Amino acid sequence: MSTSSKSDLSFDCVMKCIKSFQRMLMTPLKSSPKSENVVYSTSETSYPACDECYEYQYNQHNPSFYCQPCNTKRFRLEFDKWSTGNNKLDRLIQKSHIKSKKVFELLEWIPYSSLKDITRIAQGGFSTVYSAVLVNGPMQRFDLSKQQWSRAGVSRVIFKEFYNSKDSSFQFLEEIQGYLRVGGNKPVTTRIYGISQEPKSKNYGIVMQYADLGSLRHILNETFHEKNWNERLDILSEISSCLSQLHNVNMIHKNLHSGNILYYRLSSITISDLGLCKPLDDENSKDIYGVIPYVAPEVFSDASYSLASDVYSFGIIASEVVSGNPPFYNKAHDQGLVFDIFMGRRPQLPQEIPQHLKKLLFKCWDVNPNERPTMQQIHKKLDQWKHEIRDDPSSNIYKEFKLANEKWKRNSTTFKKLDLTIHEGAVYKSRILKFKSLPKPINANGIIVNKLSINKARLNGIICF
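Rendered as structure tokens:
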């Protein structure tokens, strides 16, 4: 036997011994009756080893026991057995198979024939949204005994078909993959199961999680009259938690509004439409896409999206949560409204709003992005208030929210459900927004301006629908 062979054998023996020794240091706690999965314990934590390689694969960000090395090998063997028909898209899905550390990060190619009961539910300028049934459901875990992925079974999903996407590079999905890796044990963004292609148009689309309870806007329409001020604070805290986790890794949403904050029966809320709010054949465009009331003034000025522009959008959403009303629902969403916003107009707030919360929203609405608080600061503040309300009756926060709740109780007996007359020119769908010769934005006294005597002819604005 050659020296080289002896060396290789020695190395293999050493590695086997090391692994064996590591296992000896662990004490088996229990064995699942349904699998061979052994749970080990150390002085710090308990975790299951992978059934296949017996390596330690569990951590706080991997609660589903997803073994990346084993699954990566498995996926690589399947790469030549499927194709989207688009080389760049093939590589993107393959990359998700190699890089994913949690099952909800995975993308897969989903044949259109796997989608049944397809019903159009919305249509916009860049895409059409359908509800559908995914016959086998999304992947959950690899079943070693059957040598196949176990799936969730028949599942209601959303299929979002993008216009002019046949030759798209799909670079936007690279960004989405980054978002999916944020959030620890719980995704903060809507899970995307995979990609499919409509056979007639040849347009590609994404298959994603269905929000069984609808959007924040829907929840407010149906149940706002039931929500006291503590519950409104809970909603804002949860939204701020999701956004702060995105901002922790310097990721910007760019198109936040109450329609893309979604509610799920089992997993509370997630944020959707990250990077999905513009045409796929216009990925390098500097055009602004959004819903006018939620767009920060500086974005209108020079398309300068930032973490602070998300904070402004959060402030507008917060006004919606505390009032129940969509922002500027009684005005046309046109160049006149944009001009008013530049002159300091902001959504009307209810008179009984706790003063600390009112001041926080004013800060979020500041025309100077540098004067706005960060999402981390907002979430910390909201969480602090929740604890004070629960534990400290002597605090000003407790007293302010108690007073607001008393006023809410008096009004809630006569106020049952939102019945708003929305202005026919109010548009709450994302669209292209183009403006020229905008004035310098200012903060009006008290932020909220009800009437303006300004010559709007100075504004040369164009909105492209």
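Be aware that the sequence shown starts at 120, since it is given in my numbering, and climbs by one per residue. Heads up, the beta-carbon is just placed ideally off N, CA and C, and yes, glycines get one too. None of these values were measured; they are calculated from a predicted model.
Test item: CB-CB of residue i and residue j under 8 Å
i: Ala523; j: Ile561; result: no
i: Arg310; j: Phe194; result: no
i: Val410; j: Met327; result: no
i: Ile380; j: Leu335; result: yes
i: Pro306; j: Thr389; result: yes
i: Tyr382; j: Leu339; result: no
i: Arg529; j: Val441; result: no
i: Gly443; j: Tyr547; result: no
i: Glu75; j: Ser387; result: Nothing about residue 75 can be read from this structure; the chain reaches only from 120 to 584.
i: Ser359; j: Phe433; result: yes
DSSP state of residue i mapped onto helix, strand, coil
i: Gly455; result: helix
i: Tyr249; result: strand
i: Leu148; result: Caution applies to Leu148, whose pLDDT of 42 falls short of 50 and renders its modelled position unreliable; the model cannot decide the point.
i: Gly256; result: coil
i: Phe447; result: coil
i: Ile325; result: strand
i: Asp331; result: coil
i: Arg491; result: coil
i: Tyr431; result: helix
i: Tyr517; result: helix
i: Lys214; result: helix
i: Gln267; result: strand
i: Leu234; result: strand
i: Phe461; result: helix
i: Gly204; result: coil
i: Ser315; result: strand
i: Ser284; result: coil
i: Thr191; result: helix
i: Trp484; result: coil
i: Glu227; result: strand
Residue from the options whose Cα sits closest to the Cα of residue i
i: Lys521; options: Ile541, Asn489, His475 and Arg491; result: His475
i: Ser284; options: Ile217, Thr203, Ser233 and Lys218; result: Thr203
i: Gln266; options: Ser514, Leu196 and Leu381; result: Leu196
i: Ile407; options: Phe184, Asp209 and Arg550; result: Arg550
i: Ser233; options: Tyr424, Gly313 and Lys518; result: Gly313
i: Lys499; options: Leu355, Arg239, Ile237 and Asn489; result: Leu355
i: Ile436; options: Leu362, Asp502, Trp504 and Asn489; result: Leu362
i: Leu393; options: Ser320, Thr308, Arg384 and Leu468; result: Thr308
i: Ala241; options: Asp262, Arg270, Ser264 and Phe281; result: Phe281
Contact set for residue i: own chain, Cβ-Cβ below 8 Å, skip 5 residues either direction
i: Trp527; result: Asn347, Trp348 and Glu471
i: Ser420; result: Leu557 and Pro560
i: Pro230; result: Ser315
Residues of its chain near residue i, where Cβ-Cβ distance is below 7 Å and the 5 sequence neighbours each way are ignored
i: Val273; result: Val252, Val254 and Gly256
i: Lys235; result: Ala251, Val252 and Val254
i: Arg491; result: Ala427, Val430, Tyr431, Lys482, Cys483 and Asp485
i: His542; result: Tyr448, Asn449, Lys450 and Ala451
i: Lys80; result: In this structure the chain extends from 120 to 584, so residue 80 is not present and cannot be described.
i: Cys172; result: Cys186, Pro188 and Cys189
i: Tyr424; result: Ile371, Lys373 and Val418
i: Ala271; result: Gly256, Pro257 and Gln259
Other residues of its chain near residue i: CB distance less than 6 Å, five sequence neighbours each side excluded
i: Pro466; result: Ser438 and Pro446
i: Lys279; result: Ser246, Val248, Gly324 and Ile325
i: His337; result: none
i: Ser162; result: Unreliable positioning characterises Ser162 in this predicted model, as indicated by a pLDDT of 42, which lies under 50. A coordinate reading is not provided.
*Do three or more CB pairs link the region 349-368 to the region 490-497 at distances below 8 Å?*
yes
*Tell me, please, whether the region 455-467 touches the region 496-516 by the rule of three or more beta-carbon pairs shorter than 8 Å.*
no
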